[in-house]
Structure formats: structure tokens, C-alpha cells
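>
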Amino acid sequence: MTDLVSKRSSLRSRTANSALFGRFLKNTTGSTAIEYGLIMGLVFLAIVTAIHYMADQTAAMYTYIGSKLVSSSS
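This is the structure:
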């Protein structure tokens, strides 16, 4: 008798777990937010990379302009 009760309990818990897992797979409410978050992360990474790449060129440009201004005023 006890064995039958434990089998029923085990079957119920497996069924409940299967139902919970099925609901988890069907739930798509947060997927759009996750996708937008990933896109924003990639855009942020692209911006940081571009700024890092252009920083040396921009500094060199301002140094060149500054040296030309100093030499033209002398």
C-alpha cells in the first residue's frame, strides 16, 4: 500500500514538473526584452570600439592644429 502511494506521488510530481517545464518553454514574454538587451549591448560595444579607435587620430589632429596655430602666430 505504501509503495502504491509513493508511486502516485512520484507520478504527480513528474507530471507537475513536466507541466511547469512546458509552460516555461511556451512563455515568450521576456524574449523581446532579452533580444533588445543583446542588441543594445552590441551597439554599445561598437560605439566603445569606434571611440577607442578614433581617440588617437582625434588627439593627433588637435595636436597638429595646435602646432599650426602656434607656428602661425609667431
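The numbering of the sequence shown is the working numbering, which starts it at 9 and goes up by one.
Each residue gets a CB set at the ideal place from its N, CA and C atoms; glycine is no exception.
What residue does the alpha helix (DSSP H) around Arg74 start on, and which one ends it?
Just to set this straight, residue 74 is Gly in the shown sequence, not Arg. Looking at the DSSP string, the run of the alpha helix (DSSP H) that includes Gly74 is 39-81.
> Does DSSP put Thr36 in a helix, in a strand, or in coil?
coil
> If we ignore side chains and look at the alpha-carbon of each, how far apart do Thr40 and His60 end up?
30 Å
> Can you give the Cα-Cα distance for Met62 and Ile42, rounded to whole angstroms?
30 Å
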